[in-house]
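In the numbering used here, the protein residues as written are 29 to 99.
All C-beta atoms, glycine included, are put in the ideal place defined by N, C-alpha and C.
The model shown is predicted, which means the values in this text are computed figures rather than measured ones.
These notes are about the structure you will find just below.
Printed below as a string of structure tokens:
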């Protein structure tokens with residue numbers, strides 16, 4: 029397992045420590061989860077943007093409902 033150091037001012041440190049304590053997780057777990065969630069969100073957005081760019085047609089929800097006879 030590796031270690032990453034992070035520089036914070038006193039206010040940021042206190043905020044993170046209190047938030048972790050309130051949610052009953054370690055600071056390491058809180059930061060690890062936040063970073064992983066951010067990376068996954070950015071990957072999801074990139075995949076979505078690529079799919080939209082490659083798509084030849086898009087349909088509104090109303091049109092899809094109409095096509096499926098749900099409207």
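Asked: For residue 53, the three-state DSSP class (helix, strand or coil); Found: coil
Asked: Secondary structure of residue 35, DSSP reduced to three states; Found: coil
Asked: Touching by the beta-carbon criterion (3+ pairs, under 8 Å), the stretch 34 to 44 and the stretch 52 to 63; Found: yes
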